[in-house]
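Student: Here it is, the structure, as structure tokens.
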Amino acid sequence: MEFRNINDLKNYLRQLEKHRRHPQDYIFGIELEGALVNKEGKPLDASKIIPRLNQMHHDFEFDREAGKCQIEIRSFPREYSCYALREMEEYLHDAIHDIVELAEKVYGDEAIFLLLGSNPHPDVLSDEWISDTARARKMAEWRSQFPPIKIGNKSIEARHIAIAIQSVHVHIQGKNPEDIVDKYNRLLYMIPEQIAISANSPIIGGEILDYREARLLLYELADGGNAGFPKLIKYPSSIIEYGEYVSSFSPIIANSLTQMVKERHEDNRIRLEVPFRVENRVYPAQCTIKENMALIEYIIGRLKYAQRWSRQELPPLKEIEINRIEAIKEGLKGDFIWNGKKISTLNYIMESIEKAEKGIKALDTNVRYLNILRRRIKRKKSCADTLKRWYAKNDDVDEKIAYIVNRVWKHTSKNQPLI
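Written out as structure tokens, the structure is:
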């Protein structure tokens, strides 16, 4: 169901009060984005194989994204359990190998499905790789009004940033509109910890950056302020209040309130569709399916714990923004500030992992992947630190990129976590 405007949303909620529905809680789904490249890391046109992938697989949908080299894999909604997550891992692992096999047949050369938060190859940053869809072209044209973004030794046009960025979006359905707002508000203060633990995007366009998770800042600059941390003055108290927040912005190409939400490329958002759900957007695509599953398990467990046991007041939005920037710059090596007090990011996230484990068990299921994240904390590094080290192994940029892409693919194809 699509809401054309805020009045449509208000009318629906009034009807919902008369005829209450009781959807299941913690129904989840994901969108996983990756880039199709060759052994040198140069982009390949993924649109040639997407129709065939949709014929082969019935548990996922494959679609085009902002860039021609990108593929989005969407799961169908399922009730959360460790068994559902395990099945998703197996299906996705098979799917990425099917993507590569099809690409190799089409191109007659070795191919890689690159799972990283940002595509490191300079060739992707050109008009040639903007997807041939009406939406991608219109959004690129709209972004062209913003000035180039300086990174490293080069300037990147704003319209090219979206085609070099891949992420994981986790959708979580709630019990009712009030519960959805509660989920959204709690996800807001979890943004910094989620960025720090998942950071893996210090390289874009062949340039190494001084950030562990550069893609978030780059996308915010390229999207004219429509991305990044929500521009909220206060936590929304209702679905209507969130709808009014969204409608306070001028649409880009949207012609309904539902579509305007999709134009807010923010860290978290409430999907104003039926059924209502929250969408978490801060995670970069991880190098292996296991690591992606670990982060999904973390967010769901962490959120369940917060909803069931947390009695603390929601922290000031300004503190969340400050900690968000700290996580982007330093990853696991920084410090957070909560209620005016400094706390080690490592210690904070280790406590959060314990909470996530308790939250998963409260869903009457078992923990399967959180040890992957514990290992990152114990070793005091995220995947971004590993990529920075690999980048330093060669002098030539082409060699650096080829080395990184092939090392990442070795882990991806074996489903062996980077850390």
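The number in the working numbering is simply the position in the sequence shown, starting from 1, with 576 added. Glycine included, every Cβ here is placed at the ideal spot set by N, Cα and C.
Please report how far the alpha carbon of residue 666 lies from the alpha carbon of residue 638, in whole angstroms.
Tutor: Residue 666 and residue 638: Cα-Cα distance of roughly 16 Å.
Student: When the Cα atoms are used, what is the spatial distance from residue 796 to residue 803?
Tutor: Cα-Cα distance, rounded: 5 Å.
Student: Quick check on residue 992: does DSSP put it in helix, strand or coil?
Tutor: Residue 992: coil per DSSP, three-state reduction.
Student: Could you please give the first and the last residue of the uninterrupted alpha helix (DSSP H) stretch that includes residue 859?
Tutor: That residue, residue 859, is in no alpha helix (DSSP H); its beta strand (DSSP E) goes 853-860.
Student: For residue 692, would you say it is in contact with chain D, using Cβ-to-Cβ distances shorter than 8 Å as the test?
Tutor: Going by chain labels, chain D is absent from the structure shown, which holds only one protein chain.
Student: Which residues in the same chain have their Cβ closer than 7 Å to the Cβ of residue 705, if we skip the five residues on either side of it in sequence?
Tutor: Taken in chain order, the residues that qualify are 619, 643, 644, 645 and 739.
Student: Just to confirm the assignment: which complete alpha helix (DSSP H) runs, minimum length 4, are found wholly within the region 806-874?
Tutor: Runs of the alpha helix (DSSP H) inside the region 806-874: 815-823 and 833-839.
Student: How many angstroms separate the CA atom of residue 786 from the CA atom of residue 778?
Tutor: The straight-line gap from Cα to Cα measures roughly 7 Å.
Student: Could you tell me the distance, in whole angstroms, from the CA atom of residue 994 to the CA atom of residue 735?
Tutor: For residue 994 and residue 735, the distance between alpha carbons rounds to 31 Å.
Student: Could you please give the first and the last residue of the uninterrupted beta strand (DSSP E) stretch that includes residue 744?
Tutor: Note, residue 744: beta strand (DSSP E), 743-749.
Student: Taking the alpha carbon of residue 767 as the point to measure from, which residue in 907, 584 and 937 has its own alpha carbon closest?
Tutor: Cα-wise, what sits closest to residue 767 is 907.
Student: What distance in whole Å lies between the Cβ atoms of residue 757 and residue 812, which are believed to be in contact at a cut-off of 8 Å?
Tutor: Yes, residue 812 and residue 757 are in contact; Cβ-Cβ is about 6 Å, under 8 Å.
Student: Grab me the residues of residue 793's own chain with a C-beta within less than 7 Å of its C-beta, minus the 5 sequence neighbours each way, in chain order.
Tutor: Hits under 7 Å: 787 and 904.
Student: According to the neighbour-count rule (16 or more other Cβ atoms, all chains shown, within 10 Å of its Cβ), is residue 836 buried or exposed?
Tutor: Looking at its Cβ environment, which holds 16 or more other Cβ atoms inside 10 Å, residue 836 is buried.
Student: Can you say whether residue 800 is buried or exposed, counting buried as having 16 or more other CB atoms within 10 angstroms of its CB?
Tutor: Counting Cβ neighbours within 10 Å, residue 800 comes out exposed, since fewer than 16 surround it.
Student: For residue 628, which of 990, 742, 600 and 675 has the nearest alpha-carbon?
Tutor: The residue with the shortest Cα to Cα distance from residue 628 is 675.
Student: Roughly how many angstroms lie between the CA atoms of residue 839 and residue 845, to the nearest whole one?
Tutor: Distance between the alpha carbons of residue 839 and residue 845: 10 Å.
Student: Label residue 827 either buried or exposed according to how many other C-beta atoms from any shown protein chain fall within 10 Å of its C-beta, with 16 as the threshold for buried.
Tutor: Under this definition residue 827 is an exposed residue.
Student: Tell me the DSSP bridge mates of residue 654?
Tutor: Paired residues: 604.
Student: In the structure shown, what three-state DSSP assignment does residue 662 receive?
Tutor: Three-state DSSP puts residue 662 in a helix.
Student: Taking the alpha-carbon of residue 983 as reference, which of 653, 708 and 962 has the nearest alpha-carbon?
Tutor: Checking every option, the nearest Cα to that of residue 983 belongs to 962.
Student: Could you spell out where the alpha helix (DSSP H) holding residue 922 opens and where it closes?
Tutor: Run containing residue 922: 921-938, per the alpha helix (DSSP H) assignment.
Student: Assuming the contact rule is C-beta atoms closer than 8 Å, residue 693 and residue 727 should be a hit. Round their C-beta distance to whole Å, please.
Tutor: Rounded, the Cβ-Cβ distance is 14 Å, inconsistent with contact.
Student: Assuming residue 586 is part of the alpha helix (DSSP H), what are its boundary residues?
Tutor: Segment 582-594, the alpha helix (DSSP H) holding residue 586.
Student: Using the beta-carbon count (16 or more within 10 Å), is residue 829 buried or exposed?
Tutor: Exposed is the call here.
Student: Could you tell me the boundaries of the alpha helix (DSSP H) in which residue 1009 lies?
Tutor: The chain is shown from 577 up to 995; residue 1009 falls before or after that span and cannot be answered.
Student: Can you tell me whether DSSP reads residue 733 as helix, strand or coil?
Tutor: Three-state DSSP puts residue 733 in coil, outside helix and strand.
Student: Could you check how far apart the C-beta atoms of residue 861 and residue 945 are, in whole angstroms? I think they sit under 8 Å.
Tutor: Residue 861 to residue 945, Cβ: 16 Å. No contact.
Student: So which of 745, 810, 912 and 914 has the shortest CA-CA distance to residue 609?
Tutor: Ranking 745, 810, 912 and 914 by Cα distance to residue 609 puts 745 first.
Student: Using the C-alpha atoms, what's the distance from residue 611 back to residue 691?
Tutor: Those two C-alpha atoms are separated by around 7 Å.
Student: Residue range of the alpha helix (DSSP H) that residue 911 falls in?
Tutor: Careful: residue 911 lies outside any alpha helix (DSSP H), inside the beta strand (DSSP E) at 911-914.
Student: I need the DSSP call for residue 763, collapsed to helix, strand or coil.
Tutor: Correct three-state label for residue 763: helix.
Student: When you compare the CB positions of residue 616 and residue 978, do they come within less than 8 Å of one another, or not?
Tutor: Cβ distance < 8 Å, so residue 616 and residue 978 count as in contact.
Student: Given a cut-off of 8 Å, decide if residue 852 and residue 747 are closer than it, judged by their beta-carbon atoms.
Tutor: In this structure, residue 852 does not lie closer than 8 Å to residue 747 by Cβ.
Student: What does residue 690 pair with, by DSSP beta-bridge criteria?
Tutor: Beta-bridge pairing links residue 690 to 611.
Student: Measuring alpha carbon to alpha carbon, tell me which residue in 602, 952 and 670 is nearest residue 634.
Tutor: Nearest of 602, 952 and 670 to residue 634, Cα basis: 670.
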